[in-house]
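Report on the structure given below.
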Amino acid sequence: MKKLISQVLLATTAFAVTAGHAAAQAAGPAGSSPITGAVGWIRDTLLGQLATMVAVIAVAVVGFMMLTGRMNWRYGATVIIGVFILFGAATIVAGIQGTVG
């Protein structure tokens, strides 16, 4: 249960960071520059090269554990879907914004 909560929290953070960056492109109120900078840093950290390497290693380890029977397929699929959501968050948000208007 704790793993599920942490995965949901990670996915929610990814959506919040991506949506925050999309909103930061518009003119913000005075004094929002530190907030915009912090959100940009978080986004770059979550989607940068280090995060990509960690995600590749995680998918490889989870895939190996699933194939050897050491991990439940359901938990493994959750991790892999979480990685797809994290790195596809910008595309998902752009698609939602495109359908809304």
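Following the numbering used here, the numbering of the sequence shown begins with 10 at its first residue and continues without gaps.
Cβ coordinates follow ideal geometry from the N, Cα and C atoms, glycine included.
Note that the structure is a prediction, hence the values are computed from the model and not measured.
Assigned exposure category for residue i - 16 Cβ within 10 Å defines buried
{"i": "V119", "result": "With the chain covering 10 to 110 only, the question about residue 119 has no answer from this structure."}
{"i": "R79", "result": "exposed"}
{"i": "A98", "result": "buried"}
{"i": "A52", "result": "Looking at the sequence provided, one finds Arg at residue 52 rather than Ala. That one is buried."}
{"i": "L18", "result": "Here the model assigns L18 a pLDDT of 48, short of 50, so the residue's position is not dependable, and the following value carries that caveat. With fewer than 16 Cβ atoms within 10 Å of its Cβ, L18 is classed as exposed."}
Distance between beta carbons of residue j and residue i, contact taken as under 8 angstroms
{"i": "T54", "j": "A60", "result": "7 angstroms"}
{"i": "M74", "j": "G85", "result": "7 angstroms"}
{"i": "F96", "j": "L56", "result": "7 angstroms"}
Pair within 7 angstroms by beta-carbon distance, residue i and residue j
{"i": "V68", "j": "I89", "result": "yes"}
Coarse secondary structure for residue i, derived from DSSP in three states
{"i": "S41", "result": "coil"}
{"i": "T77", "result": "coil"}
{"i": "G57", "result": "coil"}
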